[in-house]
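Asks: To start, I am sharing the structure in question, which I have written as structure tokens.
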Amino acid sequence: MRLISQLVLAATLAFVSPAAARNVTDHGGNVVEVPDAPQRILSLHDWTLTVMTRELDAPLIASAGRLAPDGTTFIRGGRELFGLNFDQIALAAIHGKPDLERIRSLKPDLIVANIGDYSALREQLSTIAPTLMFDAENGDKPFDLYRQYAGWIGRQARFDALKAAYDKRITEARQKLPKTLIDGSYSAILANERDGTLTMLKEYGVQTTVLDDLGMSRTALAQSVPEGQSRMTIGAELIGEIDADLIVTSYLPESGESPESIFPALTRIAPGYEAFLRAHEAKRILSFSRYEIYPPSFRGADIFLDRLEVLID
9 MRLISQLVLA ATLAFVSPAA ARNVTDHGGN VVEVPDAPQR ILSLHDWTLT VMTRELDAPL
69 IASAGRLAPD GTTFIRGGRE LFGLNFDQIA LAAIHGKPDL ERIRSLKPDL IVANIGDYSA
129 LREQLSTIAP TLMFDAENGD KPFDLYRQYA GWIGRQARFD ALKAAYDKRI TEARQKLPKT
189 LIDGSYSAIL ANERDGTLTM LKEYGVQTTV LDDLGMSRTA LAQSVPEGQS RMTIGAELIG
249 EIDADLIVTS YLPESGESPE SIFPALTRIA PGYEAFLRAH EAKRILSFSR YEIYPPSFRG
309 ADIFLDRLEV LID
């Protein structure tokens with residue numbers, strides 16, 4: 009009887025299909041066989057991959073994190089947008105300090121990583137679980153990258169629902185914001201005080217995405233960012249070239265910065281900048297928390313729109 013039971017069990021197991029899988033080509037050009045519906049996703053980049061995975065309601069078990077000045081760990085972007093912390097998911101690694109043994113111990117069935125940080129470790133990570141490389145700054149539009157990622161992890165339907173709600177919000181915002189703004193131009197920049205330069209941003213999370221989708225146009229300088237890149241560095245002598253109806257930038261709260269930090273920064277980089285920027289005279293140089301506007305996130309887009317509607321007359 010026991011032998012018969014064992015034979016029946018063996019026959020049953022023989023007909024059990026293996027977990028469904030499919031091939032995905034990641035941003036590094038790697039063809040990776042991934043689970044059709046991963047159940048244990050480990051993210052190695054907090055404010056892009058962790059944020060998107062969380063917003064897509066995918067099974068996220070662990071994330072890379074950052075060290076705060078007081079020595080505690082936090083999930084950049086995930087904390088601000090979703091209240092996500094390491095009481096809810098496991099710490100996979102500190103940003104910039106990969107811990108392969110810790111990652112292995114968490115038993116992921118899919119690892120997602122930022123190509124700029126982890127391309128050299130891809131083969132080692134792939135011995136733990138299928139590993140996909142994501143490039144947030146390859147020049148593609150942030151929500152196009154987000155759509156690609158949703159497809160990678162089998163969450164396309166969730167992305168489509170979020171995108172439909174976002175499209176509706178954009179339509180409503182066009183009715184609320186001044187037409188002179190919607191028909192105008194914008195520049196997205198970062199101020200680099202350490203070397204006295206500016207960064208012109210072509211694609212920068214929800215900040216550029218929302219302004220593009222509202223219908224605003226880009227300056228000629230922004231349009232000159234090379235193909236395949238999301239930003240370029242310019243010297244202070246080009247300060248006049250960033251002028252537009254609206255200039256947007258961002259600040260890092262963890263570093264003690266605030267929305268007003270941009271103004272002394274511009275003074276140090278380009279003294280007398282006020283004379284070259286009509287956006288300054290119109291009080292339309294606006295700064296937003298980088299933790300909320302850099303991640304590709306529909307929640308971040310809502311926050312950006314909420315604040316834009318308040319700040320613009």
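Numbers 9 to 321, taken from our numbering, label the letters of the sequence shown in order. Even for Gly, the Cβ is constructed at its ideal location relative to N, Cα and C. Keep in mind that this is a model prediction, so the values were computed, not measured.
Look at the Cβ atom of Y194, then the Cβ atom of V256, and state whether they are nearer than 8 Å.
Replies: Residue mapping note: residue 194 aligns to position 186 of the sequence shown, counting from 1. Residue mapping note: residue 256 aligns to position 248 of the sequence shown, counting from 1. For Y194 and V256, yes; Cβs fall inside 8 Å.
Asks: Please list, in chain order, all residues of the same chain as M60 whose beta carbon is under 8 Å from its beta carbon, the five residues on each side excluded.
Replies: Working through the sequence shown from its first residue, we reach residue 60 at position 52. Hits under 8 Å: Y154, Y157, A158, P303, P304, S305.
Asks: How do the stretch 86-96 and the stretch 180-198 stand: do at least 3 beta-carbon pairs fall below 8 Å, yes or no?
Replies: Flag = no, the stretch 86-96 and the stretch 180-198 do not touch.
Asks: Can you say whether L209 is buried or exposed, counting buried as having 16 or more other CB atoms within 10 angstroms of its CB?
Replies: Taking the sequence shown and counting its residues from 1, one reaches residue 209 at position 201. Buried: at least 16 other Cβ atoms inside 10 Å.
Asks: Assuming I123 is part of the alpha helix (DSSP H), what are its boundary residues?
Replies: For the purposes of this step, residue 123 is taken as the residue at position 115 of the sequence shown. 123-126 is the span of the alpha helix (DSSP H), which, as asked, contains I123.
Asks: Here's the rule: buried if 16 or more other CB atoms are within 10 angstroms of the residue's CB, otherwise exposed. What is L229?
Replies: In the sequence shown, the residue the question calls residue 229 occupies position 221. With 16 or more Cβ atoms within 10 Å of its Cβ, L229 is classed as buried.
Asks: Here's a check: name, in chain order, each residue in its chain whose Cβ is nearer than 7 Å to the Cβ of K115, leaving out the five neighbours to either side.
Replies: Reading the sequence shown from its first residue, position 107 is the one you call residue 115. Answer for K115: R48, listed in chain order.
Asks: Between T205 and I242, how many whole angstroms is the CB-CB distance? I'm expecting something under 8 Å.
Replies: By 1-based counting over the sequence shown, the position of residue 205 is 197. By 1-based counting over the sequence shown, the position of residue 242 is 234. Indeed, because the Cβ distance is near 7 Å, the residues count as touching under 8 Å.
Asks: Along the beta strand (DSSP E) that carries P43, what are the first and last residues, could you check?
Replies: Here the question's residue 43 lines up with position 35 in the sequence shown. Run containing P43: 39-43, per the beta strand (DSSP E) assignment.
Asks: May I have the straight-line CA-CA distance separating L185 from G213, to the nearest angstrom?
Replies: For the purposes of this step, residue 185 is taken as the residue at position 177 of the sequence shown. For the purposes of this step, residue 213 is taken as the residue at position 205 of the sequence shown. For L185 and G213, the distance between alpha carbons rounds to 21 Å.
Asks: On a Cα-Cα basis, can you pick out the residue from A101, L219, D44, S134 that is closest to R163?
Replies: Residue 163 sits at position 155 when you count from the first residue of the sequence shown. The candidate whose alpha carbon is nearest that of R163 is D44.
Asks: On the three-pair Cβ rule with 8 Å, is the stretch 121-131 touching the stretch 31-41?
Replies: Contact holds: three or more Cβ-Cβ distances are below 8 Å.
Asks: Which residues share a DSSP beta bridge with K105?
Replies: Taking the first residue of the sequence shown as position 1, residue 105 is located at position 97. For K105, which the question treats as bridged, DSSP gives the partners I102.
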